[in-house]
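Visitor:
Dropping the structure here:
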């Protein structure tokens with residue numbers, strides 16, 4: 079059974095950086111699109127960034143210029159480099175994989191807290 083396992087979350091001061099990793103237990107090639115979502119307390123889960131198998135990316139406006147999504151097919155891993163972090167970036171971050179029209183897989187989530 080394929081699984082997505084996130085790592086790299088933690089506590090960081092405003093202006094700091096973190097890199098999240100999402101390891102695919104199978105082959106990342108099975109997913110057309112990989113993405114990072116986040117959910118803050120009391121808010122809906124939102125798409126933060128996504129990358130297709132062809133390398134096209136898109137970002138929510140609030141993270142453009144600060145976050146970068148990338149994928150390493152050889153390592154079956156997707157990354158989210160987060161720079162210039164703000165308190166409003168605090169949330170649980172989830173990795174997501176989509177294959178075909180209806181197959182969607184989620185990771186268990188990793189907490190990111192931005193606070194001084």
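Residue numbers (the working numbering): 79 to 194.
For each residue, glycine too, the CB sits at the ideal point set by N, CA and C.
(1) Could you check which residue in 135, 96, 191 and 175 has the C-alpha nearest to that of residue 148?
(2) Below 8 Å on the Cβ atoms is my guess for residue 162 versus residue 144; work out the distance and round it to an integer in Å.
(3) Taking the DSSP output, what are the residues bridged to residue 85?
(4) Going by beta carbon distance, what residues of the same chain come within less than 6 Å of residue 131, once the five residues before and after it are set aside?
(5) What span of residues does the beta strand (DSSP E) with residue 150 cover, start to end?
(6) Give me the DSSP bridge partner(s) of residue 129.
(7) Per DSSP, what kind of secondary structure is residue 107 in: helix, strand or coil?
(8) On the three-state DSSP scale, how would you describe residue 192?
(9) Quick one, are the C-beta atoms of residue 83 and residue 103 less than 8 Å apart?
(10) Verify whether the separation of the beta carbon atoms of residue 154 and residue 106 is less than 8 Å.
(11) Look at residue 157 and residue 99 and say whether their C-beta atoms are less than 8 Å apart.
Guide: In terms of the structure at hand:
(1) 135
(2) 5 Å
(3) 99
(4) 110
(5) 145-150
(6) 112 and 135
(7) helix
(8) strand
(9) yes
(10) yes
(11) yes
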